Every structure is written in structure tokens, then in C-alpha cells.
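Peer 1: Residue 81 in UniProt numbering sits at position 81 of the sequence shown, and the numbers go up by one each step.
From the three backbone atoms N, C-alpha and C, an ideal C-beta is built for every residue, glycine too.
These figures come from a predicted structure and were not determined experimentally.
Sending over a structure as C-alpha cells; questions will come in a sec.
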Amino acid sequence: MASKDSYGIVEWYGNGNGHRCGYCKSSNGNISDGMWAHALTVQNYQDLIDRGWRRSGKYCYKPLMNKTCCPHYTIKMEALNFRMNKSHKKIIKQVNKYLIHGIKPGEVKGQDQDVARDAPHSEAGNVPEGETPTVDIKGETTLGVENTATSSIQIPKPETVKDSAMDIVKSEDATKSKKEIRKGEGADPNKPPCRKAKDIRIEMKKKKLLAAGKDPQEVEEMFQKKSNPTDGVKSLEDYLNEPSNTDNCAHKLEIKLIRSNPRQRPAFVDSFKESHLVFKKYQMSIHHEDESDCDISQFENFLVDSPLKETKGEDKTHGRVSMGYGSFHQHYILDGKIIAVGVVDILPNCISSVYLYYHPDYSFLALGTYTALQEIAFTRSLNKMDQELKYYYMGYYIHSCPKMVYKGQYYPSFLLCPETYTWQPIEKCRPKLDQNRYSRLAPDGVEDENLNVPDDQITVLYMRQLMNYAIYTQLNPKAKDAKAVKKYSQLVGKKVAPNMMLFRSG
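Okay, structure coming up:
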């Protein structure tokens, strides 16, 4: 076996009691399996999230999909083929207008998706009562995570829609009686069908060119090029880089990537207090938390502590990412002041978005969506250094929660099947999820190839010795943990079980 340093190390907690759901507000319907991760390699965690796991600080959890009230489907987006929609473009233009000209956007209709992006704070299952991590790695003090799930997402009530007819009708007669609304008879079949104004304009231009003696084939080719959706279209980077390509902007926005674990680096230490202050203001203003619920210890447990080992770019055989892999804070600095922080994990195949918090005074910039678009662009830039890194993970997609539906609007997106752990296009998943909250997403005939792990491929740490579970059972014939270890191995899978040490106390 390799040295211990090349392995992750975890303590298995299994299935605790159900706890409060931040989505449907069930008091005990949110059920998940969990484990405390003292250390994970970036490949360990990549393989875990590809089996539906997620971390909150050092606590890793996996919802029991067929039992939990609101099934959490892992969602990823293929960043290289990302296509913006009109809403994305509008938000970037509004931010650019503010940065370049200093003009604040008007009130944005709808609601930004920040609250849904930061779901891990309420998604994480609680560590079972009375359980605390027992392994001390190199003298490290490990903190409990009982409070990492105390916060919950506040889903606002839908805005009351005013009856627009009352604003239109002003006559006395109209206010006394309502007019009967008659059902329409449809389009007049004797009239030509309606056409788009753009099509009419194109047709008129074609006629004008033909009348001027232009060759018909050349005219058709000319308009085919103009109608090509990829011809002359601005990329995501073109939109985002507009302020940096403009002189004399009203505001300067910098984006700095700072490694958060290990946290001894000067850049992280120097910005810690300011970053925590933004977090506290965000939690108290957006999530209505008490000040004690977002103090420094909560901040550290939730967003600073990470089990991911620092991996330098040159340590990874198939890629050379200059900043390396692991856990980072991405600071959005406006005119020298931190206004938002995106917490991300850079992994072998993806950027995983962990959390986003921002200064409430800048909510008019729709920073939840804007920073997500920046993270997608960041993923694309890293792909130029490491071609295996090409996905953007947005956490969990919850089809039954209206506030989470926006995640599926980042095209192209894929959902993880909870039974086969294969990725399926979200377009094919929606009809199934419309019928049932929990559903197998993969086609029939596809099975989980990593489900059954032999005992000699399950690595454990016992009495400070690295061994497989088969040897452990020989040394401990009276051990009664076979059922729990079997479940653990099935949930982490064949790729992870041999490369992650499961702590055994005896």
C-alpha cells in the first residue's frame, strides 16, 4: 500500500434522524447519510460528488434520495458549451453599465438566485447527537459541526399580483359591472398567417437586391451567413471583459482567487476580518440569522475549514493548473472593498461551487447570477491549462423547489441518476420528475458498476495501521460493524473505497 499521506481519512456516521428541511419546511423530512472528513484528496472528493455527495465544511453528506422529503439531484453544467440566455446577458449588461458609467440598474424583476446557490448551509445533515470526530491528525483540533445546519433558506412568499384590469377600467359603468369575456374563435382562415417582422424585412431586402441585378444564389448565401447563430455572436468572456477593455470606468472590479485551506497565506489572513464581516451582514440581512449564528467560529466551520488537501498543479499528472487544486475563496473587490465572496473547490474535472455571500448594499447587481457566470468563465479558462477540467458543479437541483429550478437554465446541464450514478441530460429528466419527486433517471438496462466493493478493497485505519477491511475482520473477529461498512462502501463506491481510509476504533 502507498503511504497514508496519499489517502483521505473519514469517520462514518451513517443515517441520523431526520432533520428540518430548508425547502419544504418539513420538521424532520430531510434525511441523509454523513461522514466527517478529516482529509480528502481532490480526486477523493471528485469521485464522491460524482456519487451524489456534498460537503459543508468538513462534514460530507449524501441525501437518502428515496426517503428524504425533497430529493437532491447533483447537477453539473458543461462549461465549454455553455449558452447564455437573455436573462444572463441582461444581468451582465446591467453590471457593466454600473462599472463603466456608474449607473445603477433599475429594480430587477424577479429574484436573484443567491439564496438557492448557498443551499449547503441548510442542506447538510446534522452530525448525530453525541457524536464527535475522534481521530487527531497531526495534532489538529477538529471542531464539531452540529451548528452547520442550523440556518435555513427563507423562501419568500410569491408577490401578490394586482389585477391589471382595475388599473385600466376607469369609467363608472365599468366599475359597476364586469364585462363578459368571450372565448376567441382563433385566427381568420381567410387571411394569410401572421409573420415575424424580421422575416418580412429579410424578404424585402432580398427583393431589393434581386431587383438590382444580384445573383440569386449569392443573395441566398448572404442571408444564410447572417442567420447563422454562431456567426458574430459575443461570447460569455466578451460580455464579462467589456469593463476591463474600457478606459476611465466609473468603478473598478477586481476578482482575486485566494487559497483558503491551508489558511496561513498572508492574502487570506489579511482579508479574513473583512470577508467575515460581509458574511455576517449577508446572513443577518438575507437569511435573518442572529448575530451569534454567524460569528467567526460558524464562519470557519462552514466556509473556511475544508478536508481537501492542497494539491499543486505540477503534482497532478494530467494537468497543470497554475494555482493548484483544493479549496479557495474568490473575492469580488469593488473600488478596493470586498462586496462578494464565492467559495469554490477546484477539482480534477470541475469547479464546484460551495457558497456565495455578498454585501447586502450591492444586491442591486444580482450578484448571485453574475458570480455564477464569472465562475463558468473561470472554469473555461482553467480548461486551457487542464483539458480534463471542463464542468461547473452547482450543487443540488431540487425539482420540487421552485427556487432551485433556475439551475437547470444553465445550458447544457446534466443530472446524476441516484441509482446508476450516470449523468443524464436535464431535458430528459424533467418529465420523470414532474410525475415523481424521486425517480431513476437513467434508461433501463444501465446499472451501477461501482456498487459492490470486496472487503479487500475497502481501506481502513486501525490502531494507526493502514490495512484492508478483510484483514481488519481477521484481527477483530468480534467486530459488529460489517453492515455499516458495507453501506459505506456502497455509497462511496469502488473508486473511493480503496483510496480513502475509514477509521475503525475496534
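(1) Mind checking if Met394 is an interface residue toward chain C, Cβ cutoff 8 Å exclusive?
(2) If we count the other Cβ atoms within 10 Å of its Cβ and call it buried at 16 or more, is residue 513 buried or exposed?
(3) I'd like to check one pair, Glu274 with Ile338: are the Cβ atoms closer than 8 Å?
(4) Determine, using beta-carbon pairs with one atom in the stretch 405-425 and one in the stretch 46-61, whether at least three such pairs fall under 8 Å.
(5) Just reading off the alpha helix (DSSP H) that Thr74 is part of, what are its end residues?
(6) Over the uninterrupted beta strand (DSSP E) stretch that includes Lys256, give me the two end residues.
(7) What residue range does the alpha helix (DSSP H) around Val95 cover?
(8) With three or more beta-carbon pairs closer than 8 Å as the criterion, would you say the stretch 32-46 touches the stretch 2-13?
(9) Say whether the stretch 423-439 touches the stretch 81-94, bearing in mind that this needs 3 or more beta-carbon pairs closer than 8 Å, one atom from each stretch.
(10) What residues are listed by DSSP as bridge partners for Glu11?
(11) In three-state DSSP terms, what is Ile82?
(12) Comparing alpha-carbon positions, which option in Ser353, Gly106, Leu334 and Tyr325 lies nearest Val343?
(13) When you compare the CB positions of residue 525 and Thr459, do they come within less than 8 Å of one another, or not?
(14) Can you give me the Cβ contacts of Ala377 inside the same chain, cut-off strictly under 6 Å, excluding the 5 residues immediately before and after it?
(15) Would the stretch 98-105 count as touching the stretch 387-404 if we require 3 or more Cβ pairs under 8 Å?
(16) Note the first and the last residue of the continuous beta strand (DSSP E) segment covering Met467.
(17) List the endpoints of the continuous beta strand (DSSP E) containing Ala211.
(18) Can you tell me which of Ile75, Thr41 and Cys24 puts its alpha carbon nearest to the alpha carbon of Thr68?
(19) To which residues of the same chain is Leu64 closer than 8 Å at the C-beta, ignoring the five residues directly before and after it?
(20) Can you give me the Cβ contacts of Phe268 inside the same chain, cut-off strictly under 8 Å, excluding the 5 residues immediately before and after it?
(21) Could you tell me the distance, in whole angstroms, from the CA atom of Asp215 to the CA atom of Val233?
(22) Once the 5 residues before and after Thr41 are set aside, which same chain residues still bring their CB inside 6 Å of it?
(23) For the 8 Å Cβ check, are there 3 or more pairs between the stretch 400-408 and the stretch 68-80?
(24) Determine the DSSP secondary structure at Ile49, reduced to helix, strand or coil.
Peer 2: Short version:
(1) Absence of chain C from the displayed structure is noted, only one protein chain being present.
(2) Shown here, the chain extends from 1 to 506; a query on residue 513 therefore has no answer.
(3) yes
(4) yes
(5) No alpha helix (DSSP H) holds Thr74; the beta strand (DSSP E) holding it covers Tyr73 to Glu78.
(6) Leu253 to Arg259
(7) Lys86 to His101
(8) yes
(9) no
(10) Under the DSSP definition of a beta bridge, Glu11 partners with Trp36.
(11) Residue 82 is actually Phe in this sequence, not Ile. Residue state, collapsed to three classes: coil.
(12) Ser353
(13) Summary: the structure shown does not reach residue 525, with the chain confined to residues 1 through 506, and so no result is reported for it.
(14) So the qualifying residues of the chain are Leu236, Glu237 and Leu240.
(15) With a cut-off of 8 Å, the stretch 387-404 and the stretch 98-105 do not count as touching, because too few Cβ pairs lie within range.
(16) Gln465 to Asn468
(17) It is not in any beta strand (DSSP E) - Ala211 instead sits in the alpha helix (DSSP H) that spans Ala197 to Ala211.
(18) Cys24
(19) Asn15, Ile31, Ser32 and Asp33
(20) These residues qualify, in order along the chain: Ile258, Arg259, Ser260 and His329.
(21) C-alpha separation (whole angstroms): 27 Å.
(22) Gly8 and Lys309
(23) yes
(24) Here Ile49 sits in helix by DSSP.
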